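First the structure, in the form of structure tokens, and then the observations on it.
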Amino acid sequence: MPESASPYSKKVMDHFVNPRNMGEIADATVVADVGNPACGDMMRLYLKIENGIIVDAKFKTFGCGAAIATSSMLTEMLKGKSLEDAKSISNQAVAEALDGLPPVKMHCSVMAEEALIKALEQYNRSQEQKPDSFEV
Amino acid sequence: MQPDAQRDIYFDHAATTPVDSRVVEAMLPYFAERFGNPSSHVHSKGVEANQELDQSRASVARLINAPTETIIFTSGATEANNLAIRGHLEANQERGKHLIISEIEHYSVINLCLKLKREGYDLTLLPVDELGLVHPDKLHAAMRRDTALISIQHASSEIGTIQNIKELAAIARETGVFFHSDAAASAGNIPVDVVDLGVDALTVSAHNFYGPKGVGALYLRPGAKLEAQIIGGFQERGYRSGTENLAGIVGMAKAAELALAEMPQRREHLTGLQKRLWNGLAQKYEFLHFTGHPSQRLPGHVSFWMEYIEGESLLLFLNVYGIQTASGSACASNMRGQNEHDLAASHVLTAVGVPAEYCSGSLTVSLGKDNTANEVDYFLQIFPQVVERLLAMSPLWADKLKGKNPYQ
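Each protein sequence line maps, in turn, to chains A and B.
The numbering of the first sequence is the working numbering, which starts it at 1 and goes up by one.
The numbering of the second sequence is the working numbering, which starts it at 137 and goes up by one.
Structure below.
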């Protein structure tokens, strides 16, 4: 890909142009939607969770370059993490991993964090509803 | 045609135009050789500068068919709009406290008038129809006995629509209300004749027709009064103090001469490219919607919005392929802002009835005199690839493919 002058860091542009883990997980354990089209961004996060480990993470995002790049980076950071470790991933951590975002775009990283929180909450709720499951 | 890393295609002439090389050449002597101050009336350098200032004023006046002495040079369109509006109100306080502008004015008109409203003026924002036109009957209905000023832009840089200013100004004239038109997007690109239009004041911007940034002009009808907004010496008949930006003014004059001489060819060329682009996009996507007037629009201007994809990511991706365009999307609105509260969807798109949830997918492609058919073809080649990639990422598109309405 050519390098054009951009308001974003090289890393953001890399994740925007070549997003990692973009797509859907057919047998996802949880799917979380955050944002809405009226706000100009929306993220859908898919997680596959096995034995307390996020074995796969994918996303689909409608939004600006920062929204797409933070979605991509979040899924990279989540893959292979335990649920406990995943909980501690903040929006700042995602933004830092992308070598920063313009101040006006920090809310896009908040959307990624919100998607993660929502997905984990959904997962916890689903576990509470299945007391007889064999969760290790 | 493949994505080309070396491409540098500028399709954002509504934002600004490159300075024509002939304009640069005309300006160069005015930095180090003919650097005189036009106010130094007596010595050679000053006299020379003053003569050049007069000649430049005549050239800019000719562009809009105005008498030479009606031209006031400013630092650009924003200052000219401020001078016309606040300057008129301050000089004619007996006229009343009511202002009328359209909903789709430039920020230099809208934000000024909102400030005037906070200062005690009544403000009417005239709606536009879905093609972006202000209707004369709406203006007629909005007028009051205490209406002091009407300001309606000549053409929109965002949706391309050209207003029927002649008809609107005639309504103002019936009751002697001061009528100003911001012609920043149109002057130098389409014929603008202040006598024919019947306006009292009109704003011109140099950098929108291949002149330099930082210089513009206000036409003020003979006999009309203004209160200066920049106070100092006696430059520009006292309407605008400060030593003249002579190099910039010379550049504006040269750009005006070229625009006037070359306008028929430029318009023909741009209308051809516009048609090529429009036809290439129309019927390709059922979720692409053109904005603005289909025929009464700026030459070379194509604007639209799309469902399912967001404008900033569209701009960013096109830029990766060397194509530079603009968007009225909130996310692309103010990259230098402090936080997301500095982002807002375009008031112009909202005014022409684009629902907020779709505003984010807007794109404005504004072609210039030096663009080529080959560049338009490259755009038409790249655009579907970019759209396809963004659709693949879009959860809204995924829902739509599954038969759901993602906007509900």
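Positions of the beta carbon are idealized from the N, C-alpha and C atoms, including for glycine.
Only a predicted model underlies this, so the values are computations on that prediction, with no experimental measurement involved.
CA nearest to the CA of B:S482, picked from B:D318, B:I240, B:P174, B:E188: Numbered from 1 along the second sequence, position 346 holds the residue referred to as residue 482 of chain B. Per the Cα distances, B:I240.
8 angstroms Cβ cutoff met for A:D56 and A:K79: Residue numbering aside, residue 56 of chain A sits at position 56 when the first sequence is read from its first letter. Residue numbering aside, residue 79 of chain A sits at position 79 when the first sequence is read from its first letter. Cβ atoms of A:D56 and A:K79: closer than 8 angstroms.
Chain D contact for A:D56 (CB, 8 angstroms cutoff): Checking the listed chains, one finds no chain D in this structure; the protein chains it contains are A and B.
Close Cβ partners of B:L235 (< 6 angstroms) along its chain, the five nearest in sequence each way excluded: Numbered from its first residue, the second sequence carries residue 235 of chain B at position 99. For B:L235, where only same-chain residues beyond five positions count, the Cβ hits under 6 angstroms are C249, Y257, L259, L285.
For B:T297, three-class secondary structure by DSSP: Against the second sequence, residue 297 of chain B aligns to sequence position 161. Three-state DSSP puts B:T297 in a strand.
C-alpha distance - B:A194 paired with B:P435, whole-angstrom precision: Translated into the one-based positions of the second sequence, residue 194 of chain B becomes position 58. Translated into the one-based positions of the second sequence, residue 435 of chain B becomes position 299. Each residue's alpha carbon lies about 26 angstroms from the other.
CB contact check: A:M73 to chain B, cutoff 8 angstroms: Against the first sequence, residue 73 of chain A aligns to sequence position 73. No, A:M73 does not count as interfacial toward chain B.
B:F314 - DSSP class collapsed to helix/strand/coil: Locating residue 314 of chain B in the second sequence gives position 178, counting from the first residue. B:F314 falls in the strand class under three-state DSSP.
Cutoff 7 angstroms; reference B:L532; Cβ partners in own chain excluding five residues on either side: Taking the first residue of the second sequence as position 1, residue 532 of chain B is located at position 396. Y444, P542.
Cβ neighbours of B:K411 in the same chain (closer than 6 angstroms, five flanking residues each side left out): The residue labelled residue 411 of chain B in the question sits at position 275 within the second sequence. Correct list: empty, nothing qualifies.
Beta carbon of B:V351 nearer than 8 angstroms to that of B:L454: For the purposes of this step, residue 351 of chain B is taken as residue 215 along the second sequence, with counting starting at 1. For the purposes of this step, residue 454 of chain B is taken as residue 318 along the second sequence, with counting starting at 1. Contact flag unset, no.
C-alpha distance - B:G268 paired with B:K540, whole-angstrom precision: Within the second sequence, the letter at position 132 stands for residue 268 of chain B. Within the second sequence, the letter at position 404 stands for residue 540 of chain B. Going from the Cα of B:G268 to the Cα of B:K540 covers about 31 angstroms.
Short CB-CB distance (under 8 angstroms) between A:S4 and chain B: Counting from 1 along the first sequence, the entry for residue 4 of chain A is found at position 4. Yes, A:S4 lies at the interface with chain B (some Cβ there is under 8 angstroms from its Cβ).
Cutoff 6 angstroms; reference B:H316; Cβ partners in own chain excluding five residues on either side: For the purposes of this step, residue 316 of chain B is identified with residue 180 of the second sequence, where counting begins at 1. For B:H316, where only same-chain residues beyond five positions count, the Cβ hits under 6 angstroms are A220, S287, A337.
Stretch-stretch touch, CB-based, cutoff 8 angstroms, three pairs: the region 147 to 156 of chain B with the region 504 to 518 of chain B: yes
The region 166 to 173 of chain B in contact with the region 356 to 365 of chain B per 3-pair CB rule at 8 angstroms: no
Reduced DSSP category for A:G35 - H, G, I as helix; E, B as strand; rest coil: Sequence index remark: in the first sequence, residue 35 of chain A carries index 35 (1-based). Of the three classes helix, strand and coil, the one that applies to A:G35 here is strand, per DSSP.
Through-space distance from A:K60 to B:V245, alpha-carbon basis: Position 109 of the second sequence, counting from 1, holds the residue named residue 245 of chain B. Position 60 of the first sequence, counting from 1, holds the residue named residue 60 of chain A. Taking the straight line from one Cα to the other gives about 40 angstroms.
Residues that A:I68 contacts on chain B, provided the C-beta gap is smaller than 8 angstroms: As a first step, residue 68 of chain A is located in the first sequence; it is residue number 68 there, counting from the start. Per Cβ cutoff of 8 angstroms: S449, M529.
Residues bridged to B:V501 [DSSP beta-bridge criterion]: By one-based count along the second sequence, residue 501 of chain B stands at place 365. B:V438.
Same chain, Cβ closer than 6 angstroms to A:C108, five either side skipped, listed in chain order: The sequence position of residue 108 of chain A within the first sequence is 108, counting from 1. Counting only Cβ-Cβ distances below 6 angstroms, and skipping sequence neighbours, we find A66, A67, T70.
Residues from the region 452 to 465 of chain B in contact with chain A, defined by Cβ distance under 9 angstroms: L452, F453, N455, V456, Y457, G458, Q460, S465
Length of the line joining the Cα atoms of A:L101 and B:T153: Working through the first sequence from its first residue, we reach residue 101 of chain A at position 101. Working through the second sequence from its first residue, we reach residue 153 of chain B at position 17. Rounded to the nearest angstrom, the two C-alpha atoms are 29 angstroms apart.
Contact with chain A by B:E446, beta-carbon distance below 8 angstroms: Along the second sequence, one-based indexing puts residue 446 of chain B at 310. By this cut-off, B:E446 is an interface position.
C-beta neighbour in chain B for A:V136, strict 8 angstroms: Start at 1 with the first residue of the first sequence, and residue 136 of chain A comes out as number 136. Reliability of the predicted coordinates at A:V136 is poor, the pLDDT of 47 falling under 50, and no value is obtained from them.
Identity of the residue in A:D85, A:R44, A:N21, A:A26 nearest A:G52 by Cα: Position 52 of the first sequence, counted from the start, is the residue given in the question as residue 52 of chain A. Comparing Cα-Cα distances from A:G52 to each of A:D85, A:R44, A:N21, A:A26, the minimum goes to A:D85.
Cutoff 8 angstroms: A:V34 Cβ touching any chain B Cβ: As a position in the first sequence, residue 34 of chain A is number 34, starting the count at 1. No, A:V34 does not count as interfacial toward chain B.
At least 3 beta-carbon pairs within less than 8 angstroms: the region 342 to 361 of chain B vs the region 381 to 398 of chain B: yes
Cβ-based contacts, 9 angstroms cut-off: residues of the region 19 to 48 of chain A near chain B: P19, M22, G23, E24, D33, N36, P37, A38, C39, G40, D41, M42, M43, R44
Residue burial classification, B:R196 (beta-carbon count within 10 angstroms, cutoff 16): By one-based count along the second sequence, residue 196 of chain B stands at place 60. The sequence as given places Val at residue 196 of chain B; Arg does not occur at that position. Buried: at least 16 other Cβ atoms inside 10 Å.
Distance, A:R44 Cα to B:T461 Cα: The residue given as residue 461 of chain B occupies position 325 in the second sequence. The residue given as residue 44 of chain A occupies position 44 in the first sequence. Using only the alpha carbons, I get a separation of about 28 angstroms.
Neighbour list for A:V94 in chain B, Cβ cutoff strictly below 9 angstroms: Numbered from 1 along the first sequence, position 94 holds the residue referred to as residue 94 of chain A. Ordered by position in chain B, no residue passes the 9 angstroms Cβ test against A:V94, which lies about 16 angstroms from the chain.
Unbroken beta strand (DSSP E) run spanning A:E50, endpoints: If you number the first sequence from 1, residue 50 of chain A lands on position 50. Start and end: 41 to 50.
Beta-carbon proximity list for B:K302, same chain, < 8 angstroms, skipping 5 on both sides: Numbered from its first residue, the second sequence carries residue 302 of chain B at position 166. Only D332, L333, G334 meet the Cβ criterion.
Neighbour flag for A:G100 against chain B, beta carbons, 8 angstroms: Position 100 of the first sequence, counting from 1, holds the residue named residue 100 of chain A. No - not a single Cβ of chain B is within 8 angstroms of the one on A:G100.
Min CB distance A:G80 to chain B below 8 angstroms: As a first step, residue 80 of chain A must be located in the first sequence, where it is residue number 80. Output row for A:G80: interface = no.
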